[in-house]
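So the structure is just underneath, and the comments pick up after that.
Numbering (the numbering used here), first residue to last: 2 to 121.
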């Protein structure tokens with residue numbers, strides 16, 4: 002069963018995507034929201050929805066077995082409660098318990114990467 006292809010215009014933002022692509026697009030949008038969310042309650046709900054979407058994607062037979070295996074592995078990681086928490090700044094791999102940055106400043110700082118000393 003194929004989906005009719007409709008060309009979006011400037012007046013409308015309606016797109017016609019196959020089921021797998023629509024679910025993948027929604028999951029990627031949720032992942033973006035999860036990374037930017039300030040409220041821990043929203044992050045928890047988004048994390049659970051991401052895990053559910055990944056599980057649904059991993060069961061679609063229209064996807065290749067290798068891609069479904071990768072989705073299943075991702076789903077297992079997102080289903081773990083500790084996977085939805087970012088480590089505190091400066092702790093790295095320390096044995097201290099992980100926590101979610103609460104303020105927008107802490108969240109931005111948690112996403113920072115150190116710049117390399119030398120570029121090739």
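Quick reminder that beta carbons are idealized off the backbone N, C-alpha and C, glycines included.
Just so we're clear, the structure is a prediction, and the values are computed from it rather than from any experiment.
Below 8 Å on the Cβ atoms is my guess for residue i versus residue j; work out the distance and round it to an integer in Å.
i          : j          : result
residue 27 : residue 54 : 7 Å
Using only alpha-carbon positions, find the residue among the options that is nearest to residue i.
i          : options           : result
residue 63 : 19, 121, 118, 119 : 19
residue 56 : 25, 121, 37       : 25
What does the Cβ neighbour count give for residue i, buried or exposed, with the cut at 16 atoms within 10 Å?
i          : result
residue 78 : exposed
residue 23 : exposed
Looking only at its chain, what residues have a beta carbon closer than 6 Å to the beta carbon of residue i, apart from the 5 residues adjacent to it on each side?
i          : result
residue 61 : 21
Put residue i into one of helix, strand or coil per three-state DSSP.
i           : result
residue 120 : coil
residue 31  : helix
residue 56  : helix
residue 81  : coil
residue 72  : helix
Cutting at 7 Å between CB atoms, please list the residues of its own chain near residue i, excluding the five before and the five after it.
i          : result
residue 59 : 69, 72, 73, 76
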